[in-house]
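Residue numbering for the first sequence follows the UniProt record's numbering, starting at 1 and increasing by one per position.
From the three backbone atoms N, C-alpha and C, an ideal C-beta is built for every residue, glycine too.
See structure below.
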Amino acid sequence: MNQDPLLAGLAALAADPPQGLLDRIAARWVRVPGPIGELAVAFTDQGVAYVHEGDGFAEAFRKRFGRPLLPGARPPAGLLPALRTGRPSGLRLDLRGMSDFQREVLEAARTIPRGEVRPYAWIAERVGRPRAVRAVGTALARNPVPLLIPCHRVTRSDGVVGEYVFGPAAKERLLLAEGADLERVRELAGRRVFYLASDTTGVVCFPTCHNARRITPRHRHGFRSVAQARAAGYRPCRTCEPARAGLTG
DNA sequence: TGTTTGGCGTCGC
DNA sequence: GGCGACGCCAAAC
1 MNQDPLLAGL AALAADPPQG LLDRIAARWV RVPGPIGELA VAFTDQGVAY
51 VHEGDGFAEA FRKRFGRPLL PGARPPAGLL PALRTGRPSG LRLDLRGMSD
101 FQREVLEAAR TIPRGEVRPY AWIAERVGRP RAVRAVGTAL ARNPVPLLIP
151 CHRVTRSDGV VGEYVFGPAA KERLLLAEGA DLERVRELAG RRVFYLASDT
201 TGVVCFPTCH NARRITPRHR HGFRSVAQAR AAGYRPCRTC EPARAGLTG
């Protein structure tokens, strides 16, 4: 129970074939096809730890994690489906070594469905730091597992897609491939509309929320802020949860 | 429309 | 341990 973990580790090293221990220290890696070109993916016994573009992977991994890297025989279970579908599909992630803030930001981003987008400020509010919008940006910029945690689905409040690890163009391509209606988002943003409401349900949503997409045109009303929608008698959608407070755009 | 200022978790010194 | 600068931003001039 209260045995020194170091001693336990040494004992295990002495008793077991070194493979198990090695896998606890080192990471394995494989090359796999991704939606925007070849990817290199590192994983441990805990799950996928790092996703990087094919070029310069080993260098980047070493710089960031500073732990041994070994070739892997095959991709971890669930990786390929997750990359293909853009859904978690039971894939385990190894997010050890991240701060609480970053982990919470990543978890929040992970809940954004395929084909939809949410603003940075939405994440900030969800993790209980409504004014840490920019810090959310930096946390997402350091997302060790892009694509698997879909930080590309986090976009700016003004309707612009914003920055991305693989570049804004890749972000846009990914979102379009997922079926996000960026054209529509931009058209609405041009009219300063950042929320859509239905006068049959009395609910207000983010424009890409699957509930918002089904609003019949003549029952659809656009709003610039949740506050204005509220004032008009609408309540926030329970699925996409547009801000309870600020978030005007 | 564009620019400025606010705000905050990280990282490097 | 502190301090200042830096970013996938956002609201206010």
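Query	Result
What residues in its chain sit with their C-beta under 7 angstroms from that of Cys-237, if we drop five residues either side in the sequence?	Val-203, Val-204, Cys-205, Cys-209 and Asn-211
Suppose only complete runs of 4+ residues qualify. What are the alpha helix (DSSP H) ranges in the segment 21-109, listed by chain order?	57-65 and 79-85
Which residues in the same chain as Val-48 place their Cβ atom closer than 8 angstroms to its Cβ, once the five residues preceding and following it in sequence are excluded?	Val-41, Ala-42, Pro-76, Leu-79, Leu-91, Arg-92, Leu-93, Asp-94, Val-145 and Leu-148
Who does Phe-223 pair with in a DSSP beta bridge?	Tyr-195
When you compare the CB positions of Ala-229 and Ala-197, do they come within less than 8 angstroms of one another, or not?	yes
Under a Cβ-count criterion, where at least 16 other Cβ atoms within 10 Å of its own Cβ denotes burial, should Ala-132 be classed as buried or exposed?	buried
I need the boundaries of the alpha helix (DSSP H) containing Val-161, first residue and last residue.	No alpha helix (DSSP H) holds Val-161; DSSP gives it neither H nor E.
Got a sec? Which residues, its chain only, sit under 8 angstroms from Thr-138 by beta carbon, not counting five neighbours each side?	none
Ignoring anything shorter than 4 residues, give me the alpha helix (DSSP H) runs that lie fully in the segment 113-186, in order along the chain.	120-126, 133-141 and 168-178
What are the start and end residues of the beta strand (DSSP E) that includes Cys-205?	203-205
In this structure, does DSSP put Arg-235 in helix, strand or coil?	strand
Mind reading off the beta-carbon distance from Ile-36 to Ala-170? Whole number of angstroms is fine, and I expect it under 8 angstroms.	5 angstroms
What is the rounded straight-line gap between the Cα of Tyr-234 and the Cα of Tyr-195?	11 angstroms
In whole angstroms, what is the alpha-carbon distance linking Ala-243 and Pro-71?	45 angstroms
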